[in-house]
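Novice:
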Ligand code: NI
Ligand code: MN
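Numbering (the numbering used here), first residue to last: 801 to 1035.
1) Cutting at 6 Å between CB atoms, please list the residues of its own chain near residue 971, excluding the five before and the five after it.
2) Which residue marks the beginning of the beta strand (DSSP E) containing residue 889, and which one marks its end?
3) Just mark residue 997 as buried or exposed, buried being the case when its beta carbon has 16 or more other beta carbons within 10 Å.
4) Excluding the 5 residues flanking residue 931 on each side, which residues of the same chain have their C-beta closer than 8 Å to its C-beta?
5) Please state the DSSP three-state secondary structure of residue 989.
6) Go ahead and label residue 945 buried or exposed: buried means 16 or more other beta carbons lie within 10 angstroms of its beta carbon, across all protein chains shown.
7) As an exercise, report each continuous beta strand (DSSP E) stretch of at least 3 residues that is fully enclosed by the region 869 to 920, in chain order.
8) Can you tell me whether residue 911 is buried or exposed? The criterion is at least 16 other CB atoms within 10 Å of its CB, across all chains shown.
9) For the ligand NI, is there a heavy atom less than 7 Å away from the beta-carbon of residue 996?
10) Could you check the C-alpha separation between residue 1032 and residue 917 for me, to the nearest Å?
11) Express the C-alpha separation of residue 834 and residue 883 in angstroms, rounding to a whole number.
12) Residue 878: buried (16+ other C-beta within 10 angstroms of its C-beta) or exposed?
13) Would you say the region 835 to 849 touches the region 858 to 872, given that touching needs at least three Cβ pairs under 8 Å?
14) What are the complete alpha helix (DSSP H) segments, minimum 4 residues, inside the region 945 to 999?
15) Residues in the same chain with beta-carbon distance under 8 Å from residue 1011, minus the five sequence neighbours each way, listed in chain order, please.
16) Taking the Cβ atom as the reference point for each residue, do residue 907 and residue 924 lie within a distance shorter than 8 Å?
17) If I follow the unbroken beta strand (DSSP E) through residue 1002, where does it start and stop?
18) Considering only residues of the same chain and omitting the five flanking positions on each side of residue 807, which have a CB-CB separation below 6 Å?
19) Where does residue 833 sit, in a helix, a strand or coil, going by DSSP?
20) Based on DSSP bridge pairs, tell me the residues matched to residue 937.
21) Is residue 865 helix, strand or coil by DSSP?
22) Helix, strand or coil: how does DSSP classify residue 858 here?
23) Among 1018, 947, 994, whose alpha-carbon lies nearest the alpha-carbon of residue 983?
24) Can you list the residues near the ligand NI, meaning Cβ strictly closer than 5 Å to any non-hydrogen atom, in the order they appear in the chain?
25) What's the C-alpha gap between residue 892 and residue 905?
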């Protein structure tokens, strides 16, 4: 499957022929200024929690594409109040079969409030199981023992983990998370966007390598082939 990075925590994954966009924060992200948000095809919009750096472009994308929103109950309800009534609400531990595959909403240790101060429910991550690929999008989270449950649910082909530190786990804890989830191919997110979360790319990759794992830090706008095979393009 194809995976494209749009900066910060935003990825587009093509699963079962559908385009799944995660946590769009593009037009406000200086590092993603070359991305044309208007041209991103979206069938499903998945939001991990309510913070601005994860939902900034959500409303415009829902309006433009008519995509179905998948998020926690509180966030789906909030967008419902804005006229987007086609959302699919979930809560922790729950799974649902969509036409592209199965989504399970998993725990994240973080916080969640919507931009206008509305309670944003509890933050989460997503386990995605398509026909050809299974992956974990962790959302914003600390390292948590709950991650040890994931290998009992699914064998991951790859995982997308935050590692910028300060607001989420940093690199050392992300290496441990990769061990907890028993996954050797990790794609990093939630780093470099603002001052508190800048990381040393080579040092981060070395730490994963020392643990027998591979860390991929994608360029913004870059598309890679991932799935049952290895991540094809290591930059
Ligand atoms: Ni957050
Ligand atoms: Mn965040």
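Quick reminder that beta carbons are idealized off the backbone N, C-alpha and C, glycines included. In this text, all values refer to a predicted model and were calculated from it rather than measured experimentally.
Specialist: Put simply:
1) 963, 1004, 1007
2) 888 to 890
3) buried
4) 816, 901
5) strand
6) Counting other Cβ atoms within 10 Å of its Cβ, residue 945 stays below 16 and is therefore classed as exposed.
7) 888 to 890, 895 to 897, 902 to 907
8) So residue 911 counts as exposed.
9) no
10) Low per-residue confidence applies at residue 1032: pLDDT is 47, beneath 50, and the placement is therefore not dependable, though the value from the model is reported in the following sentence. Cα to Cα, the separation comes out at about 41 Å.
11) 30 Å
12) buried
13) yes
14) Complete alpha helix (DSSP H) runs here, min 4: 950 to 953, 971 to 980.
15) 975, 978, 979
16) yes
17) No beta strand (DSSP E) contains residue 1002, which is instead part of the alpha helix (DSSP H) from 1001 to 1010.
18) For residue 807, where only same-chain residues beyond five positions count, the Cβ hits under 6 Å are 829, 831, 832, 1020.
19) coil
20) Its beta-bridge partners are 926, 960.
21) helix
22) helix
23) 947
24) 851, 940
25) 5 Å
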